[in-house]
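Each remark here refers to the structure printed beneath this line.
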Amino acid sequence: MKIYGSRVSYYTGKLETYLRYRKIPYELIGMPYGKTQRITDNVGVIQMPVVECDDGRWMSDTTPILFELEKDYADHPIMPADPVVAFIARLIEDYADEWLWRAAMHYRWSYPYARELISGILVDEVTQHVRAPRFLKRRRITKRQINHFVKRDGVNDQTRSHVEQGYFSALDNMSAMLAGRPFLLGDAPSLADFGLMAPMLRHFGQDPEPEEIMRGRAPAVYEWVARMWNVQMDTKPKFIGAIPDDTTPMLKEICETHLEQLTANAAAFGADKKRFEMTAQGCRYTDLPVSRYRVWCLEQLRANFAALSPQEQETVKALLPHDQAAILWAAEIPAVSDYDKGGQLPFGKAINVYTGGIP
Ligand SMILES: N[C@@H](CCC(=O)N[C@@H](CS)C(=O)NCC(=O)O)C(=O)O
158 MKIYGSRVSY
168 YTGKLETYLR
178 YRKIPYELIG
188 MPYGKTQRIT
198 DNVGVIQMPV
208 VECDDGRWMS
218 DTTPILFELE
228 KDYADHPIMP
238 ADPVVAFIAR
248 LIEDYADEWL
258 WRAAMHYRWS
268 YPYARELISG
278 ILVDEVTQHV
288 RAPRFLKRRR
298 ITKRQINHFV
308 KRDGVNDQTR
318 SHVEQGYFSA
328 LDNMSAMLAG
338 RPFLLGDAPS
348 LADFGLMAPM
358 LRHFGQDPEP
368 EEIMRGRAPA
378 VYEWVARMWN
388 VQMDTKPKFI
398 GAIPDDTTPM
408 LKEICETHLE
418 QLTANAAAFG
428 ADKKRFEMTA
438 QGCRYTDLPV
448 SRYRVWCLEQ
458 LRANFAALSP
468 QEQETVKALL
478 PHDQAAILWA
488 AEIPAVSDYD
498 KGGQLPFGKA
508 INVYTGGIP
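Note that the working numbering numbers the sequence shown so that position 249 is 406, with each residue one more than the last.
Pasting the structure below:
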């Protein structure tokens, strides 16, 4: 298959880790920003990664892509057999996809060495068609990324240290889980591990400033990144049969941050707003972009919770004893995403995380 993306992209790294695990051959092609028509015709929007399959079909959105590819590996899946553990794997993946993104973009574009490194790689990969001096292209892309993905995503003097604390918490919480097991939910990589590779591989584990933090604060996570990159397929993957206490801090963090954001975002989307406010762990964010895509993420989590047996639902509720978790089982939410209504994904038309492209 052909993957259009970038070797420094968050979600491309997640997909590549999975493809390597499954020994699925692929060719990574820089996203052709000069010729985007073919991409938008086939998947609806420009985002990375986008997959062109050998049979002519196109795929987008890494979570549905992974589940589509999983159909060939039913006897040794990345989803734990226990339904509660499987639900927690989905929750961790969603947090990795949609919450840690802000911290990852902040560390990449607010710090000088990361900015220097990545702006150079990005312009060489995806702006070959732009006829302008390289230093100018780097300056332009840096400005775009800082504006769109740092400032417009709510990182400012009030929130910066909380955003950075979110990275430290992820490192500490993963270290606690990895102290007892090679992978987060067992002896083999699960959806939770592949999800966390998105921020940990191509951003935190590669961009100079956060990489230095990872090496010093969480060597077990640094080691896990390499382990994930080299992990061999196991024909009998062993996952834990119940969620252990070492997972408690991560689940608390997910409720207090990611679920807080999903709740406030859904309320704002339902009220037809473009920007919203929220308070997470005492930190006030006053200007965040509303995301239709993340309403869909919440719908997916809720549908998966609803599919659990009453007893499994009680177990999940006991694992998430925080106010913010109630959105997972509330009778209804004040918004409908209307995304992927026909259940076509990963073959349907995609939408950007922020509707209408970058806010
Ligand atoms: N839900 C998508 C998200 C993909 C995504 O947002 N990718 C980022 C880069 S890693 C992107 O393309 N952003 C738009 C841009 O930078 O122009 C997935 O799971 O693949």
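From the three backbone atoms N, C-alpha and C, an ideal C-beta is built for every residue, glycine too.
In this text the structure is predicted, and so the values were computed from the model without any measurement.
Reference Lys294; option with closest CA among His305, Phe306, Phe361, Ile278: Nearest option by C-alpha distance: Ile278.
Residue range of the alpha helix (DSSP H) that includes Ile186: Run containing Ile186: none in the alpha helix (DSSP H); it sits in the beta strand (DSSP E), 184 to 187.
Same chain only: Cβ atoms within 6 Å of Gln322, ignoring 5 sequence neighbours per side: Excluding residues within five positions, none has a Cβ falling inside 6 Å.
At least 3 beta-carbon pairs within less than 8 Å: the region 263 to 273 vs the region 406 to 422: Here the region 263 to 273 does not lie against the region 406 to 422, with fewer than 3 beta-carbon pairs under 8 Å apart.
Heavy atom of ligand 1 within 6 Å of Asp497 beta-carbon: In this structure, Asp497 has its CB at a distance of at least 6 Å from all heavy atoms of ligand 1.
Ala434, enclosing alpha helix (DSSP H) - first and last residue: Per the sequence shown, residue 434 should be read as Glu rather than Ala. Here Glu434 belongs to no alpha helix (DSSP H); instead the beta strand (DSSP E) covers 432 to 437.
Stretch-stretch touch, CB-based, cutoff 8 Å, three pairs: the region 485 to 504 with the region 257 to 266: For the pair of segments examined, the region 485 to 504 was found not to touch the region 257 to 266: the number of CB pairs separated by less than 8 Å stays below three.
Reduced DSSP secondary structure (H/G/I, E/B, other) of Pro503: Pro503 falls in the coil class under three-state DSSP.
Distance, Glu227 Cα to Gln540 Cα: Shown here, the chain extends from 158 to 516; a query on residue 540 therefore has no answer.
Ser318, buried or exposed, once every other Cβ within 10 Å from all chains shown has been counted against 16: By the Cβ neighbour-count rule, Ser318 is exposed, with fewer than 16 other Cβ atoms within 10 Å of its own.
Ligand 1 heavy atom lying under 6 Å from the CB of Met158: At a threshold of 6 Å, Met158 does not count as near ligand 1, since its beta carbon sits no closer than that to any of the ligand's heavy atoms.
Check: Val510 C-beta below 6 Å from any heavy atom of ligand 1: Yes, ligand 1 has a heavy atom inside 6 Å of this Cβ.
Backbone CA spacing between Gly191 and Ile203 [nearest angstrom]: C-alpha separation (whole angstroms): 11 Å.
C-alpha distance - Val287 paired with Ser466, whole-angstrom precision: Distance between the alpha carbons of Val287 and Ser466: 55 Å.
Nearest-angstrom Cα separation, counted from Thr436 out to Asn330: C-alpha separation (whole angstroms): 21 Å.
Given Glu184 as reference, the closest of Ser163, Leu455, Thr197, Gln194 once Cα atoms are compared: Answer by Cα proximity: Ser163.
Terminal residues of the beta strand (DSSP E) in which Met216 lies: Taken as a continuous stretch (DSSP letters only), the beta strand (DSSP E) holding Met216 covers 215 to 217.
Simplified DSSP state of Asp518, which is helix, strand or coil: Lying outside 158 to 516, the shown extent of the chain, residue 518 is not represented and no answer is given.
Buried/exposed call for Ala507, threshold 16 Cβ in 10 Å: Under this definition Ala507 is a buried residue.
Contacting residues, own chain, Cβ-Cβ under 8 Å from Asp403 (five flanking each side not counted): Residues Ala333, Met334, Ala336, Gly337 of the same chain have their beta carbon placed closer than 8 Å to that of Asp403, with the five preceding and five following residues left out of the count.
Rounded C-alpha distance that separates Pro280 from Ser166: A quick correction: the sequence has Val, not Pro, at residue 280. Approximately 13 Å between the Cα atoms of the pair.
Assigned secondary structure, Thr420 (DSSP; H/G/I helix, E/B strand, else coil): Here Thr420 sits in helix by DSSP.
Exposure of Cys210, with buried meaning 16 or more beta-carbon neighbours within 10 Å: Cys210 should be labelled exposed.
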